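Asker: After the structure tokens below, expect a handful of questions from me.
Residue numbers (my numbering): 834 to 1405.
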């Protein structure tokens, strides 16, 4: 008999909307009361992202099979386990899509999830035990490990202090700033609720430090680091968890080829069947499978004493195809102009020194742009809100209304070692923005105006202020190759908060010209203030300057030139 069932045990940390208290709830609780919770509250933002995708996998599975009343869509047929017997017939796909949109709109209007979610989960209850000898959650059976008879090690042993990404400590290297003390093997111990969350996170952000694979021959593709590891993750956050889940529930995929496919979450399959599927290098064609993809075959002894040091056995699995894999809706994309992926798109991770707003064009794909941009599927789903209508002929955008959104960004930073890719830190950012700004294409075209302001800001910093810094480098004969980059990032850091505040302040009744002037004025003041600071730090040598060709370059002439070009570029 299994132990610690996720449907009943309280393992998901959330924030209550009314009390703002942090509590833990079960999988049943979170769907029954999502409207009463403000947000997920896990140990890391990366863990929030992984858990959100897991919850979305449940919803995608349920609501591509059942409508809001728990009725099976007439375009599909289910077996006794609620699994579709076949994909939706292409002749029925148009009607099926209409039903999906209608279901989504009614769910949004009802402001809570219906009983069918609980009914579905209870049907699969036996597959949600953390400790089980038959269907352990996100794990394999002992036989799957034993069957991996190899010349080398059949598995890698991973300890509790390594699976806990707040520590990420190996047996060879001690973490100096651990949130857990070492005495009595405390770092090795994980409570059951912690273990579930870190198990999900480990499957998503693994790295490549372990060695064991299935069989003796290398896989035909690279070993998986964890699919989300390579993403520049983005998702919408709204006023409560119900709205957050709904806005990220791309019930109609923007890539038509994926609509009507059978959702295949990992818990609906035996572990040996999953391993066979992974080792067949089959392309994933549905979001539930993508959101519950494994990077490792993990075995945890179901009889483990959770009060003692924890360890688990793992074996590497092949990675998911990265090139042009537009099934993934929650990432930025990079067009590769060279290298092995030339002329192809691959996920673009967030950078530690680059705010999300600087990549705004990658979020919305500006009109008349010559750049090769593929916007995230989530943003394409957002764009469809103006197009899709329910059975009452109401557009989704009208049903959703004028709400404030927060675009969250998340990536995992690695150790820079291509042989291990150890996760060492998470990179997070956000952008608060009103929903109407992201859908106001025809009236004021705010998306493209914001992109214009992003570009003007980049010119003011990178070019106008950048040339001023280059002159200072010449005048002072600075040898450091990072001086200019440091100065530019210092200015970007100053601009970051005000630019986010400006975007957040845009309202539907605002005049475009007035708001643009507001930002240009703010930008001018911020850039001037930084240049003034540099000017005030000038020495006698800086004023004396240097001779370059037939002219003298000093701090005064460089500063005056900078102010002239800043005024010219901003036109204010």
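Heads up, the beta-carbon is just placed ideally off N, CA and C, and yes, glycines get one too.
Everything numeric in this text was worked out from a predicted model, so none of it was measured.
From residue 1103 to residue 839, what distance separates their C-alpha atoms?
Answerer: 18 Å
Asker: Quick check on DSSP: helix, strand or coil for residue 898?
Answerer: coil
Asker: Excluding five sequence neighbours on each side, which residues of the same chain lie with their C-beta closer than 7 Å to the C-beta of residue 868?
Answerer: 944, 945, 1073 and 1075
Asker: Let's test the definition: count the other Cβ atoms within 10 Å of the Cβ of residue 1403 and tell me whether it reaches 16, buried, or not, exposed.
Answerer: Sixteen is the threshold: when 16 or more other Cβ atoms of the shown chains lie within 10 Å of the Cβ of residue 1403, as they do, the residue is buried.
Asker: Name the one or two DSSP bridge partners that residue 1040 has.
Answerer: Bridge partners of residue 1040: none, in fact.
Asker: Pick helix, strand or coil for residue 1045, following the three-state DSSP scheme.
Answerer: coil
Asker: Between the Cα of residue 1168 and those of 1160, 1159, 1161 and 1179, spot the shortest distance and give me the residue it belongs to.
Answerer: 1179
Asker: Less than 8 Å between the CB atoms is what I'm expecting for residue 1147 and residue 971, so what's the real figure, rounded?
Answerer: The beta carbons of residue 1147 and residue 971 sit about 12 Å from each other, so the pair does not count as a contact at 8 Å.
Asker: Shortest alpha-carbon distance to residue 1342 belongs to which of 1269, 1378 and 1376?
Answerer: 1269
Asker: To the nearest whole angstrom, what separates the beta carbons of residue 1047 and residue 1108, a pair I think is in contact under 8 Å?
Answerer: 7 Å
Asker: How would you label residue 1097, buried or exposed, when you count the other beta carbons within 10 angstroms and need 16 or more for buried?
Answerer: buried
Asker: For the putative contact between residue 1243 and residue 1066, defined by C-beta atoms under 8 Å, what is the C-beta separation to the nearest angstrom?
Answerer: 4 Å
Asker: By Cβ distance below 7 Å, which residues in the same chain neighbour residue 1348 in space, the five residues on each side in sequence not counted?
Answerer: Cβ contact annotation for residue 1348 (same chain, cutoff 7 Å, sequence separation greater than five): 1339, in chain order.
Asker: How about residue 787 and residue 837: are their beta carbons less than 8 Å apart?
Answerer: The structure shown does not extend to residue 787, since the chain is modelled only from 834 through 1405, so no value can be given for it.
Asker: Count Cβ pairs between the region 912–927 and the region 1085–1096 that sit closer than 8 Å; are there 3 or more?
Answerer: yes
Asker: Out of 1375, 936, 1321 and 947, which one is the CA nearest neighbour of residue 1186?
Answerer: 1321 is the residue among 1375, 936, 1321 and 947 whose C-alpha sits nearest the C-alpha of residue 1186.
Asker: Would residue 1143 and residue 992 be called neighbours here (beta carbons separated by less than 8 Å)?
Answerer: yes
Asker: Helix, strand or coil, according to DSSP, for residue 1228 in the structure here?
Answerer: strand
Asker: Of the residues 1261, 1363, 1223 and 1257, which one's Cα is nearest the Cα of residue 1299?
Answerer: 1363
Asker: Please list, in chain order, all residues of the same chain as residue 1336 whose beta carbon is under 6 Å from its beta carbon, the five residues on each side excluded.
Answerer: A distance below 6 Å between beta-carbons, with the five flanking residues on each side excluded, links residue 1336 to the following residues of its chain, in chain order: 1266.
Asker: Tell me the rounded alpha-carbon separation between residue 1011 and residue 995.
Answerer: The predicted position of residue 1011 is uncertain, since its pLDDT is 47 and thus under 50; no value can be drawn from it.
Asker: Would you mind reading off the limits of the beta strand (DSSP E) that contains residue 1149?
Answerer: Looking at the DSSP string, the run of the beta strand (DSSP E) that includes residue 1149 is 1144–1149.
Asker: On the CB-based measure, 16 or more other CB atoms within 10 Å of its CB, does residue 1009 come out buried or exposed?
Answerer: In this predicted model, residue 1009 has a pLDDT of only 42, less than 50, meaning its place in the structure is not dependable; the value taken from the coordinates is given anyway. So residue 1009 counts as exposed.
Asker: Closest to residue 1287 by CA distance: which of 1246, 1195, 1214 and 1257 is it?
Answerer: The shortest C-alpha separation from residue 1287 is found at 1195.
Asker: Using beta-carbon positions only, say whether residue 1262 and residue 1198 come within less than 8 Å of one another.
Answerer: Result no, Cβ atoms of residue 1262 and residue 1198 do not sit closer than 8 Å.
Asker: Could you give the DSSP three-state label for residue 836: helix, strand or coil?
Answerer: strand
Asker: Rounded to a whole number of angstroms, what is the C-alpha to C-alpha distance between residue 1239 and residue 1333?
Answerer: 11 Å
Asker: What residues in its chain sit with their C-beta under 6 Å from that of residue 1139, if we drop five residues either side in the sequence?
Answerer: 1025
Asker: Considering only the beta carbon of each residue, do residue 1375 and residue 1308 sit closer than 8 Å?
Answerer: yes
Asker: Who are the Cβ neighbours of residue 977 in its own chain at under 8 Å, not counting the five residues just before and after it?
Answerer: 1104, 1105, 1108, 1130 and 1132
Asker: Which residues does DSSP list as the beta-bridge partners of residue 1403?
Answerer: The secondary-structure analysis by DSSP pairs residue 1403 with nothing; it has no beta-bridge partner.
Asker: When we look at the beta-carbon of residue 1016 and count the other beta-carbons within 10 Å, is it buried (16 or more) or exposed?
Answerer: Low confidence applies here, because residue 1016 scores a pLDDT of 48, under 50, leaving its location unreliable; read the following figure in that light. Result: exposed.
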